[in-house]
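Numbering (the working numbering), first residue to last: 14 to 152.
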Amino acid sequence: MLYGAECWAVTQHAEEILATTQRRMERLMVGATLLDRKSNEWLRGVTKVKDVVEEARKRKARWAWNIARMDNDRWAKIITEWCPRYKKRPLGRPRTRWRDSITKKLKTQRWLAKARRESKQYWIDTLGAPYVTYRKANK
14 MLYGAECWAV TQHAEEILAT TQRRMERLMV GATLLDRKSN EWLRGVTKVK
64 DVVEEARKRK ARWAWNIARM DNDRWAKIIT EWCPRYKKRP LGRPRTRWRD
114 SITKKLKTQR WLAKARRESK QYWIDTLGAP YVTYRKANK
């Protein structure tokens, strides 16, 4: 389910779909249905499966840390830092890029320099933590 999660440009909608899919798979593993009204915490306690969204964030953080530590002539680092020059941008809201979640979490565009200064475990713990979002209650 997480194959290639390091390279995903994950949106909040995609994270919700991943979490929903994981809960459905866990219900199938246990043999419970939605009509049984078992909580998600109960399912997680019975199956002992890691949270997919959290694991995807940790993998992406680990890969970002590795990219920051790479030599400048490595292909993955060149592509990460590449910016197309002579292309006209399309109308509308720009699509979510791979680095957008990192820069949003760290509140800086200079995440490569910051990753070089930090330890790997601190970096993964910082970026792997869930985002704090506030939703309006439906009335």
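Where is the CB? At the ideal position from N, CA and C, for every residue including glycine.
Everything numeric in this text was worked out from a predicted model, so none of it was measured.
Considering only C-alpha positions, which residue in the set the options is nearest to residue i?
i	options	result
G141	A81, R123, R70 and T109	R70
A77	M14, T24, R129 and L15	R129
W21	L48, R72 and R123	R72
Q35	M14, I80, M83 and A18	M14
N85	S132, A126 and V43	A126
L31	R87, V66, S132 and W95	V66
Residue i: beta carbon under 7 Å from a heavy atom of the ligand PLP?
i	result
R57	Absence of the ligand PLP from the depicted structure is noted, as is the absence of any ligand whatsoever, leaving it without description.
Return the first residue and the last residue of the alpha helix (DSSP H) that residue i is part of.
i	result
V66	V65 to R82
G58	N53 to T60
L41	Q25 to V43
Y16	Y16 -> no alpha helix (DSSP H), and no H or E assigned at all.
Q134	K133 to G141
D113	D113 to L119
Suppose the cutoff is 8 Å on Cβ atoms and the five residues either side in sequence are ignored; what does the same chain contact list for residue i look like?
i	result
P107	none
Y147	A caution first: Y147 carries a pLDDT of 45, below 50, which makes its placement in the model too unreliable to give a value.
A18	E68, A69, R72 and K73
A45	K51 and L56
Pull up the CB-CB distance for residue i and residue j, whole angstroms please, since I reckon it's below 8 Å.
i	j	result
V62	E39	6 Å
W136	A74	6 Å
T109	T24	5 Å
To which residues of the same chain is residue i closer than 7 Å at the C-beta, ignoring the five residues directly before and after it?
i	result
I80	A89, K90 and T93
Excluding the 5 residues flanking residue i on each side, which residues of the same chain have their C-beta closer than 6 Å to its C-beta?
i	result
Q134	none
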